[in-house]
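I have placed the structure first, in the form of structure tokens, so that the comments after it can refer back to it.
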Amino acid sequence: MSPYSVDMLDAAKKELAALPKTENNQIIKRLIKLQDNPHIPALALSGNLAGCYEIKLRTAGIRAVYSVDDGKMTLLVIAIGKRERKQVYKTASDRFNE
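Here the UniProt record's numbering is used: position 64 in the sequence shown is 64, and no number is missing along the way.
Written out as structure tokens, the structure reads:
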């Protein structure tokens with residue numbers, strides 16, 4: 001099975017670029033690992049973001065929210081940001097439901 005390609009919304013690209021280099025590199029490494037199997041049940045989200053998954057950088061408090069399109073074999077990063085006050089999830093929900 002060939003790996004999934006990774007794509008990002010333009011806003012998510014800007015959010016990734018704004019992160020400190022260490023967190024930026026950690027997100028990229030996690031995305032590369034997820035290319036072979038992006039459907040990790042423990043990372044699945046619910047509610048407005050059902051069908052999406054998250055990447056957690058616990059010590060930094062950073063989250064990345066992504067969706068998976070099995071038909072196109074694509075992993076789409078929707079939002080990246082701080083977990084504080086669940087802002088990243090609100091942002092992702094707004095973008096995902098557009």
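Don't be surprised by glycine CBs; every beta carbon is placed ideally from N, CA and C.
Small disclaimer: the values here were computed from a predicted structure and weren't measured.
**OP:** Tell me, please, which residues DSSP counts as bridged to ARG63.
**Re:** Looking at the DSSP assignment, ARG63 forms a beta bridge with LYS56 and GLY81.
Subject >> Spatial distance of residue 128 from GLY47 (CA atoms) >> reply: Because the chain spans 1 through 98 in this model, residue 128 falls outside it and cannot be assessed.
Subject >> Boundaries of the beta strand (DSSP E) in which SER5 is found, first to last residue >> reply: Start and end: 5-8.
Original post:
If you run the structure through DSSP and keep just helix, strand and coil, what is ALA17?
Top reply: Reduced to three states, the DSSP call for ALA17 is helix.
Original post:
What is the DSSP secondary structure of ASP36, reduced to helix, strand or coil?
Top reply: In the structure shown, ASP36 sits in coil (DSSP, three-state: anything other than H, G, I, E or B).
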